[in-house]
Each structure stands twice: as structure tokens, then as C-alpha cells.
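Worksheet: the structure to be examined is printed underneath.
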Amino acid sequence: MADGLDLGWSLGTLFRSWQTTVTGIVGELPHGPRGFQLLGALDSDRRAPTQAELSAHLAIDRTVLTYVIDDLAAAGLVERRTEERDRRVRRIALTTSGRRRLKSLRAKVDAAESALFPGLSPVETVTLRALLERAAAGAHLGTGEHDACRVVADILADDGAGASRAAGVAFGA
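Position 112 (the sequence shown) corresponds to 336 in my numbering; numbering is contiguous.
What follows is the structure, given as C-alpha cells:
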């Protein structure tokens with residue numbers, strides 16, 4: 225049966241393992257892993273994103289995202305800021321409390337993620353993570369063709385830069 229494993233099964237198995245592990249760590253956070261990912265998306269020196277930008281980046285329906293932000297705001301972890309030039313636009317930013325909470329949770333999640341690939345060496349784990357991040361960035365920011373396999377093939381054909389971590393992925397940067 226192991227000979228017939230495919231990419232979808234592999235990614236699904238790893239995602240379920242990640243989700244179970246991370247839920248155990250961030251479960252008390254409003255919306256668990258989804259809330260954690262939203263906080264992580266806000267942890268940047270760049271200008272705070274709009275709700276629409278967050279929705280597109282995290283692939284969360286804008287209506288659902290409103291509830292996630294409401295609950296994180298009620299917990300004092302994020303705040304909505306009105307855009308000075310257009311008062312209809314709301315930018316979402318971490319509060320000081322949100323930044324502290326994210327830092328604490330991120331350390332725990334990072335430690336747990338290091339055990340996510342038990343069949344790989346530490347070097348292989350770093351390489352795989354870099355490739356996955358780059359493939360995801362290519363699929364997310366690409367030309368609309370979301371073919372992660374093609375992106376990985378392009379990375380492997382690259383001139384050795386394939387193991388470098390993707391940078392500037394969030395919000396089209």
C-alpha cells in the first residue's frame with residue numbers, strides 16, 4: 225500500500241497531524257489554529273492589513289473572518305483601526321497583549337512542529353519545510369495556476385536556491 229501513496233494523502237495526513245498537535249497548544253485561543261494563524265499573519269513590521277487582505281491571504285470567507293476578528297478583539301488580542309483616508313476601511317493590528325500571547329504560543333508550536341516529521345533527519349526537515357513554504361507561496365501568489373506540484377518541480381530544478389525560505393509572502397509583498 226505504501227507504494228501507492230500520493231501527494232494529497234501525504235499532505236492531508238501531515239495537515240491532520242499538525243492540526244491535532246496545534247489545537248492542543250492553542251485550543252484556548254479564540255478559534256484555535258485559525259485564530260493562531262490570523263495572529264501570525266498580523267505579526268509584521270508592515271502596515272496592518274485590511275480585513276479584505278486578511279481574508280484573501282488566509283483564504284477565510286470575509287463573513288467568517290469578521291467573527292474570528294470579533295472574538296480575538298473581545299479577548300484583547302487584536303484591534304480594528306479605521307483607515308484615515310477611507311473610514312469604511314478597517315485595518316487589523318495586534319495589541320500588545322496579542323503580540324505577547326502570539327510569542328508565547330509560537331514558541332510552543334515551533335517546538336511541537338519540530339517533531340512533525342519523525343521519519344526525516346533535521347536537515348531533511350529544514351529542506352522540506354523550506355520547499356513547502358516556497359511551493360505554498362508560489363501557489364498562493366502565482367498567476368492563478370495553483371499547481372503546487374509544478375512549483376515544487378520548478379524549485380527542485382532551481383540552481384540550489386530551493387532550500388532557502390520564502391520571504392515576503394504575506395499580503396503580496
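The beta carbon of each residue, even a glycine, is placed where N, CA and C say it ideally should be.
Note that the structure is predicted; figures quoted are calculated from it, not measured.
In terms of Cβ geometry, I249 and L318 do not form a close pair [threshold 8 Å]. The beta-carbon distance between A265 and L282, rounded to whole angstroms, is 6 Å. This is short enough to meet the 8 Å contact definition.
Distance from R325 to L301 at the Cβ level is roughly 6 Å; contact confirmed, criterion being Cβ atoms closer than 8 Å. Per the coordinates, the alpha-carbon of L231 lies some 24 Å from the alpha-carbon of D334. In the displayed model, A317 falls within a strand according to three-state DSSP. With a cut-off of 8 Å on Cβ pairs, the segment 336-351 is not in contact with the segment 288-298, counting fewer than three such pairs.
Its Cα nearest to that of S234, the residue F341 stands out among F341, A297, G362.
Shown here, R312 sits in coil according to DSSP, grouped into three states, outside any helix or strand.
Distance between L262 and P346, taken at the CA atoms: about 28 Å. Runs of alpha helix (DSSP H) with 4 or more residues, each lying fully within the segment 240-288, are found at 256-266, 275-282, listed in chain order. Under the criterion of beta carbons closer than 8 Å, G256 and T247 qualify as touching, at roughly 5 Å.
DSSP, reduced to helix, strand and coil, places E307 outside both helices and strands of the structure shown, so it counts as coil. Taking S321 as reference, the option from A276, G362, E303 with the minimal CA-CA separation is E303. The C-alpha of D310 lies about 15 Å from the C-alpha of R271.
When beta bridges are read from the DSSP output, V302 appears opposite L318. The shortest CA-to-CA distance from E277 to any of F260, R314, L296 is the one to R314. In this structure L229 is not in contact with G259, their Cβ atoms being roughly 32 Å apart against a cut-off of 8 Å.
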